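One structure is given below, encoded as structure tokens.
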Amino acid sequence: MARPPRRRRHVPWAYLFIAPAVLALAGTFAYPLIEVVRFSFYSGSLGDLVFVGTANYQGLWEDPVFLTSLLNNLKLLATVPIMTVLALAIALILNAQVAGWRQYRAIVFLPYILPATAIGLVFGYLLEEDGVLNRELRALHLGVLARDWLGSATNVVPTIGSVIIWQQLGFGIVVFAAALLAVPRELVEAARIDGATGWQVQRLILIPQIRRVIEFFMVLEAITILSAIFTYVFVLTKGGPAEASSIIEYYVFENGFENGAIGIASAAVVVLLGLASILIGAYLRLRARAAEAG
Amino acid sequence: MRRLPVVVLQQLLLIGLSLISLYPLWFVMQTALKSRQAYMADPTGLPRAPTLENIIELFRAMPFGRWTLNSLAVVVVAVLAATLIASFAAYAIAFGRFAGRRLFFNLNIALMALPPIALVVPLFTVMVQAGLINTLPSVMLVYTGLLIPFSVFFLVNFFRELPFELIEAATIDGASPARILLRIVMPLSVATMSTLVIVNAIWVWNELLFALVFLQDNSQRTLMAGLTLFQGRYSTDQPLVMAGAFLSILPLVALYLGSQSFFVRGMTAGIGK
């Protein structure tokens, strides 16, 4: 990032230019964030709020549904390393310039742009008890593998994780493939001349060279898992069976809008913000390092 | 030769991956064209007697056309407003000087990663008080605000690549900052702006949470919120629900086939420099 030349001074036009954005951000982010923290200390419905101190927070720890939701978010974080390894392996194959690599890259990225709502509807039918997947498994005499993918408490969270991986894997592949393409050719060629095998080149040169991009991807995906997978759960399971697949976002939605428990919902938001701020901090640090490196 | 089996293996793997990526889309399409009876008899086979009855039924049973128009209206208003507001802010960050410039830029980056669910309860109460609940302006306003952080981040990164001499020369010629932005910088940024508009439009088109909570009046729903209602009412009519999903996906796939590089560049902008 180039430093701005010294000549430029504080001029009023800059303040005018940022004013609409500052107003919009204050209304969309600042005010709601202050309110949600305030709500978390109150009970009752809007217009009839009663101060209850930290009772909502104590309530969270005593509510098995909240604990399940929190645990499910943490379980789903396992998709991050899985996606990273898969995406990296596939990007390395594409990077070997196999025939048709551009077309493959375009195909695997396609799911990433689609609405999670539609994806959820489709996978809901594919994964029904009597859905396409189980029917095909039985037709292939693999009926032992057929499961109630979405309707059983033990399978549902891994199933949701798999749908998320299906949609987001292409993002990782494209990001890693682009980073690999930017690794200087001389580095790879020099290693080859020194007698490195293909696997050694990948392990010792390519992967370390794109390490920062890998870190970025992992942090961004972790943020997504913690804070932006409501649609999958809402469309695939509505948190069921019996809250077994609830996540924090869904818990907030249910308490805030179905049960009218604004205070509980807000306390859950504050806990979520606490967890998210760790990841946002990591993301900001990565950004700062990337900017320094130019 | 040891190479050949490796190549075959790689191709098999990539073909398998492509099939997994595409199959659900194929399933949506072929199911949408089947009658319910045909689907029950054979959910995976090709539609023997393709029918448009599901598509017609969508528009008859529910205000599907209205939902689509609602989504389009929300996309156009929120994306235009956010792009314009973010352009001015990004220009000030890239070329202006003001107290807290770096802090303001970093704030935008941090807000990109903020969980939207954190905002939904307080914003709902604001919209109720403002009398905007169940109206499209409620989501237009919120989407505009939510799009700004990424838009600012994306545009600042691009503006910083522009030659500073250009801005300087225009300033010396007496052009005001607003004029430089609108007449010089914007025309130079057509590709970047298009990328930003596409990414933002897709985000708005796909958004469910706020639409679901803010728009509960049937005629005011967006397409995604409408689709979830469909699912609840017609869950055992797979072809009908898949027809709805198909129509919601179609414009995105068409756009993607036409301008793939815009998508890739825009949607991967959060990573790297």
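Here the protein sequences come in this chain order: A and B. Each residue of the first sequence is one higher than the one before, counting from 24 in the numbering used here. Each residue of the second sequence is one higher than the one before, counting from 1108 in the numbering used here. Where is the CB? At the ideal position from N, CA and C, for every residue including glycine. Being a predicted model, the structure only gives us computed values, none of them experimental.
When the five nearest sequence neighbours on each side are left out, the beta carbons in the same chain lying within less than 6 Å of the beta carbon of B/Arg1372 are those of Thr1302, in order along the chain. With its beta carbon at least 7 Å from every one in chain B, A/Ser268 lies outside the interface. In the structure shown, A/Phe64 falls within a coil segment according to DSSP collapsed to helix, strand and coil.
Separation of B/Arg1167 and A/Gly143 (C-alpha to C-alpha, rounded to the nearest whole angstrom) is 24 Å. As computed with DSSP, A/Val73 is found in a beta bridge with A/Ser66.
DSSP, read as helix, strand or coil, puts B/Lys1141 in coil. Per DSSP, the continuous alpha helix (DSSP H) segment holding B/Ile1163 begins and ends at 1160-1168. Straight-line spacing of the CA atoms in A/Ala290 and B/Met1374 works out to 32 Å.
CA-to-CA, the gap between B/Pro1170 and B/Ala1188 works out to about 27 Å. Within 8 Å of the CB of A/Leu249, the CB atoms of chain B belong to Pro1222, in sequence order along the chain. Taking a Cβ-Cβ threshold of 7 Å, the residues of chain B close to A/Ile285 are Val1228, in chain order. In the structure shown, B/Leu1253 adopts helical secondary structure according to DSSP, grouped into three states. Taking the beta carbon of B/Ser1355 as reference, the chain A residues within 8 Å of it are Pro138, Thr140, Ala141, listed in sequence order. The Cβ of A/Phe199 sits no closer than 7 Å to any Cβ of chain B. The way I'd put it, the stretch 281-296 of chain A doesn't touch the stretch 1194-1206 of chain B; fewer than three beta-carbon pairs between them come closer than 8 Å. Residue-level contact check: B/Asn1264 does not touch chain A, since none of the beta carbons of chain A fall below 7 Å from its beta carbon. Distance check between B/Ala1376 and each of A/Val206, A/Ser185, A/Ala201 places A/Ala201 closest, using alpha-carbon atoms only. B/Pro1150 places its beta carbon less than 7 Å from that of A/Val155.
Looking at the backbone, the Cα of A/Ile301 and that of B/Asn1264 are separated by about 25 Å. Excluding its 5 nearest sequence neighbours in each direction, B/Val1249 has C-beta neighbours in its own chain below 7 Å: Leu1230, Phe1317, listed in chain order. Taken atom to atom, the span from the alpha-carbon of B/Leu1120 to that of B/Val1360 is near 24 Å. For secondary structure counted as the alpha helix (DSSP H) over 4 or more consecutive residues, the stretch 1294-1344 of chain B holds these complete runs in sequence order: 1297-1313, 1316-1321, 1330-1341. In the structure shown, the three-state DSSP call for A/Ala42 is helix. As the crow flies, the alpha-carbon of A/Lys261 is around 25 Å from that of B/Met1234. For the alpha helix (DSSP H) assignment, the uninterrupted runs of no fewer than 4 residues enclosed by the stretch 92-141 of chain A are, from N- to C-terminal side, 102-118, 124-136. Around the beta carbon of A/Thr51, 16 or more other beta carbons sit within 10 angstroms, so the residue counts as buried.
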